[in-house]
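Trainee: Numbering (this note's numbering), first residue to last: 233 to 356.
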């Protein structure tokens, strides 16, 4: 069976401004992301995290990920998509995925615990 390859793009947990997310810290975020990623792998996907570390380096980091492997689905996480301070970065990342992986489906989660549902919506 050929597993669909999924790239989940999101902030590296040590790069997040946690003042915007009460009750969250790097260890908790990393744990939640790893659980969600494991769920994807457990139900038959070949999923990996694609951490970005800063707005300045994010485009290059994603280009490198997309250049080294073909993905069927790319998820851009809510930490990028829903943060108003990251709006321009979100826009850039959508365009990078479109440019470097034109046939890849793109999806978005609403938080670090619903990536499975987001991927399944795009896996029609």
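Here a beta-carbon is modelled for each residue, glycine too, at the ideal position from N, C-alpha and C.
Bear in mind the structure is a predicted one, so any value in this text is a computation, not a measurement.
Assign residue 306 to buried or exposed, taking buried as 16 or more other Cβ atoms, counted over all protein chains shown, within 10 Å of its Cβ.
Mentor: It is buried - the Cβ of residue 306 has at least 16 other Cβ atoms within 10 Å.
Trainee: Please identify the residue among 347, 341, 292, 344 whose C-alpha is closest to the C-alpha of residue 329.
Mentor: With distances taken between Cα atoms, residue 329 lies closest to 292.
Trainee: When we look at the beta-carbon of residue 334 and count the other beta-carbons within 10 Å, is it buried (16 or more) or exposed?
Mentor: The residue in question, residue 334, is exposed, as its Cβ has fewer than 16 Cβ neighbours within 10 Å.
Trainee: Among residues of its own chain, excluding the 5 on either side of residue 273, which ones have a beta-carbon nearer than 7 angstroms to its beta-carbon?
Mentor: Excluding sequence neighbours, residue 273 sits near 279.
Trainee: Which residues bound the beta strand (DSSP E) around residue 356?
Mentor: Run containing residue 356: none; DSSP gives neither H nor E here.
Trainee: Since residue 237 and residue 346 are thought to touch, with beta carbons under 8 angstroms apart, how far apart are those beta carbons, to the nearest angstrom?
Mentor: Rounded, the Cβ-Cβ distance is 20 angstroms, inconsistent with contact.
Trainee: Here's a check: name, in chain order, each residue in its chain whose Cβ is nearer than 8 angstroms to the Cβ of residue 353, leaving out the five neighbours to either side.
Mentor: Counting only Cβ-Cβ distances below 8 angstroms, and skipping sequence neighbours, we find 339.
Trainee: Are residue 240 and residue 309 close, meaning C-beta to C-beta below 8 angstroms?
Mentor: Yes.
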